[in-house]
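Colleague: Take this structure first; my questions come after.
If you want it as structure tokens, here you go:
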């Protein structure tokens, strides 16, 4: 099947590109380490050209649809944010079109979404996944959780994003594990048999007392000094405590439907477990599937 | 007046020593950068000898009373923790006595305090300040707040410590300011005119929603992107948010009496302000005064 257009998810640290058939099937894919954070403005067209060179493209005009950090102010060309509440069906209409050396290639960069009322916030990339989720499960209304370095929690009503928040959970885990006094308690293998026990205890503490995070963190240090807790227990506890605290902060917005979880499978499985401990439930969503569905849905409204 | 004994506060990064008269007046003082974290076990006697060399000591047997990290397991000689609840009047009785090259010098290292019930926790050094506070204001019962890298909140009943907790507030501020994505928003002068406005807004957000810390932190990034908030505003907000969150987590344990605040004057003034915003009050306590009073009180019970 011939490639009809190319979809790209351009993140801060890398990018992924898919060659897609007319009906949106993946015909080929490519990736590169040239994320937004490593490029000057002038380097973007060449980084894209390089990635396109890995795909078996037809000898004809080509359409490329990009979501993510390429549209940031410090990226290729700023794609101004849509503002919540907004219908993500308008994503394509907000696209910007930077020039390519090859005039046969038309690039569209999709906007991110910002929020100014009810807590200032920004996203770039997740909005396309949310549009994809909405187009695959059009009836869904409720919270969506996107675990990661900066976890997003968005309230969807069909293709409409009502509001969202960002929790710095993943980044906090890395900071505390590598740079804080707690690193002394995690100096050794972190994936040992006590990791699970620590995770459950941390998640319980986070769910029970999310306001006490700054105090509960130090329990890791004390437990390693007083009870000889091992590095794997401590790493599990830290992970559980942070995820439990994050979920508790969103708990009263979670309804009876399973919360869609979009992100890495291993991380989403941890969130699903803590959602269950909190008396809620989750369902795993394939993140590649929703980003592709989102690029396809957005493409239909590019003018 | 001749020096009758020497009191030492031996921290992780430095140490302070005071030459004291028979009634506890300061006759001379000295300090050194040779904190516990920079010394091997064998280097402690020499580091102390060096500091004592800066004091005009009498030519007679000398007593040295030390509190703090010299008594940690990785310090000079481990002084096993007293366990809460406990009477700090017993601090001296728990001292250990490492040998000095000069047999005329008798060293006593005071124990720290640990907690195993109601949240594992540890302190080394603060217990001596608490004993000092109790001996200066013997009628006080209630919470004591010791702001710092790892803030301690202790419940005292006279000289008795009932329980305590530790909040990693100061360390979290440094980590987030220097190592997280928020550093991009604090790249510039941090003590500008907008710092105060940011501090008040952050403190209010922390007091109102302490369970939302992981989410509220990201507001700094969004506010700098969307509203052009300056580095000084962002630094103020981060400081206020963390202190507000810490105080909110302890709010329901704070009574009508002003909370004694032991720590650096500038930091304690910020805590006092947020206590006021929370409808409580604080009073500044001189930290050198209480550590000296604590060393003196502990000395009386060394056997």
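Residue numbers (the working numbering), protein chains in the order written: chain X, 6 to 308; chain V, 6 to 308. Using N, Cα and C, we set each Cβ at its ideal position, and we do this for glycine too.
Report yes or no: do the stretch 100-116 of chain V and the stretch 240-258 of chain X share at least 3 C-beta pairs separated by less than 8 Å?
Modeller: No, they do not touch.
Colleague: Could you pull the start and end residues of the beta strand (DSSP E) that residue 157 of chain X belongs to?
Modeller: Here the beta strand (DSSP E) through residue 157 of chain X covers 156-162.
Colleague: Whether or not the stretch 203-214 of chain X and the stretch 148-159 of chain V are in contact is what I'm after, with contact meaning three or more pairs of Cβ atoms, one per stretch, closer than 8 Å; do they touch?
Modeller: Touching, no.
Colleague: Anyone know if the C-beta pair for residue 110 of chain X and residue 76 of chain X falls short of 8 Å?
Modeller: Contact: no.
Colleague: With a threshold of 8 Å between beta-carbons, can residue 204 of chain V be considered close to chain X, or not?
Modeller: By this cut-off, residue 204 of chain V is not an interface position.
Colleague: Specify whether the stretch 14-27 of chain V and the stretch 165-178 of chain X touch according to this definition: at least 3 beta carbon pairs, one from each stretch, less than 8 Å apart.
Modeller: The answer is no - the stretch 165-178 of chain X does not touch the stretch 14-27 of chain V, with fewer than three Cβ pairs under 8 Å.
Colleague: Have a look at residue 135 of chain X and residue 237 of chain V and give me their C-alpha separation to the nearest angstrom.
Modeller: Going from the Cα of residue 135 of chain X to the Cα of residue 237 of chain V covers about 35 Å.
Colleague: Along the chain, where does the alpha helix (DSSP H) that runs through residue 134 of chain V open and close?
Modeller: Run containing residue 134 of chain V: 131-141, per the alpha helix (DSSP H) assignment.
Colleague: Going along chain X, which residues have a C-beta under 7 Å from residue 227 of chain V?
Modeller: Going along chain X in sequence order, the residues near residue 227 of chain V (Cβ under 7 Å) are 125, 126 and 127.
Colleague: Confirm, please, whether the CB-CB distance from residue 265 of chain V to residue 290 of chain V is below 8 Å.
Modeller: Yes, Cβ-Cβ distance for residue 290 of chain V and residue 265 of chain V is below 8 Å.
Colleague: What does residue 175 of chain V reach in chain X if we use C-beta pairs closer than 8 Å?
Modeller: Here the premise fails: no neighbours, minimum Cβ distance about 10 Å.
Colleague: Is the CB of residue 219 of chain X under 8 Å away from at least one CB in chain V?
Modeller: Cβ-Cβ to chain V under 8 Å: yes for residue 219 of chain X.
Colleague: May I ask you to list, following chain order, the residues of the stretch 19-52 of chain V that have a beta carbon less than 8 Å from some beta carbon of chain X?
Modeller: Flagged: no residues at all.
Colleague: How is residue 123 of chain X classed by DSSP in three states: helix, strand or coil?
Modeller: Correct three-state label for residue 123 of chain X: coil.
Colleague: Mapping the DSSP letters down to three states, classify residue 23 of chain V as helix, strand or coil.
Modeller: Note: residue 23 of chain V maps to strand in three-state DSSP.
Colleague: Given that a residue counts as buried once 16 or more other Cβ atoms are within 10 Å of its Cβ, and exposed if not, what is residue 43 of chain X?
Modeller: So residue 43 of chain X ends up on the exposed side.
Colleague: Within the same chain, show all residues whose beta-carbon is closer than 7 Å to that of residue 300 of chain X, passing over the 5 residues directly before and after it, in chain order.
Modeller: 12, 70, 72 and 133.
Colleague: Spatial neighbours of residue 17 of chain X within its chain, please: CB distance less than 6 Å, with the 5 preceding and 5 following residues excluded, ordered by chain position.
Modeller: Closer than 6 Å at the Cβ level, and outside the excluded window around residue 17 of chain X, lie 40, 41, 42 and 74.
Colleague: Rounded C-beta distance between residue 212 of chain V and residue 283 of chain V? I'm assuming under 8 Å.
Modeller: Correct: roughly 5 Å between the Cβ atoms.
Colleague: Taking only three categories from DSSP, how would you classify residue 294 of chain V?
Modeller: In this structure, residue 294 of chain V counts as helix in the three-state DSSP scheme.
Colleague: Can you tell which of V:272, V:200, V:228 and V:128 has its C-alpha closest to the C-alpha of residue 174 of chain V?
Modeller: Ranking V:272, V:200, V:228 and V:128 by Cα distance to residue 174 of chain V puts V:272 first.
Colleague: Find the residues of chain X that neighbour residue 178 of chain V, judging by a C-beta separation of less than 9 Å, and give them in chain order.
Modeller: Chain X residues near residue 178 of chain V: none, gap ~10 Å exceeds 9 Å.
Colleague: In this structure, how does DSSP classify residue 289 of chain V when only helix, strand and coil are distinguished?
Modeller: Residue 289 of chain V falls in the strand class under three-state DSSP.
Colleague: Do you know how far the Cα of residue 160 of chain V is from the Cα of residue 179 of chain V?
Modeller: Looking at the two C-alpha atoms, the distance is approximately 27 Å.
Colleague: On a CA-only basis, which of V:142, V:138 and V:170 is nearest residue 125 of chain V? Give me that one, please.
Modeller: For the residues V:142, V:138 and V:170, the minimum Cα distance to residue 125 of chain V belongs to V:170.
Colleague: Measure from the C-beta of residue 89 of chain V to each C-beta in chain X and report whether the shortest distance is under 8 Å.
Modeller: Chain X contact via Cβ: absent.
Colleague: At a CB-CB cut-off below 8 Å, which residues of chain V make contact with residue 250 of chain X?
Modeller: Those within 8 Å of residue 250 of chain X in chain V are 216, 218 and 219.
Colleague: 8 Å is my cut-off, CB to CB: does residue 148 of chain X come that close to chain V?
Modeller: Residue 148 of chain X does not count as touching chain V.
Colleague: Can you grab the Cα-Cα spacing for the pair residue 231 of chain X / residue 121 of chain V, in whole Å?
Modeller: Each residue's alpha carbon lies about 8 Å from the other.
Colleague: Only counting the same chain, and skipping five residues up and downstream in sequence, which positions put a Cβ closer than 7 Å to that of residue 280 of chain V?
Modeller: Cβ within range, chain order: 252, 264, 286 and 287.
Colleague: Based on the DSSP secondary-structure assignment, which residues constitute the bridge partners of residue 15 of chain X?
Modeller: Residue 15 of chain X is bridged to X:20 and X:73.
Colleague: At the level of alpha carbons, what is the spacing between residue 91 of chain V and residue 38 of chain V?
Modeller: Rounded to whole angstroms, residue 91 of chain V to residue 38 of chain V spans 32 Å at the Cα level.
Colleague: Residue 186 of chain X versus chain V: which residues are under 7 Å apart at the beta carbon?
Modeller: 176, listed in chain order.
Colleague: If we cut at 8 Å on Cβ distances, does residue 222 of chain X have a partner in chain V?
Modeller: Yes, contact with chain V.
Colleague: What residues from chain V crowd round residue 119 of chain X, counting only those whose CB sits closer than 9 Å?
Modeller: Those are 227, 230 and 231, listed as they occur along chain V.
Colleague: For residue 130 of chain X, which residues in the same chain have their Cβ closer than 6 Å to its Cβ, ignoring the five residues on either side in sequence?
Modeller: So the qualifying residues of the chain are 72 and 73.
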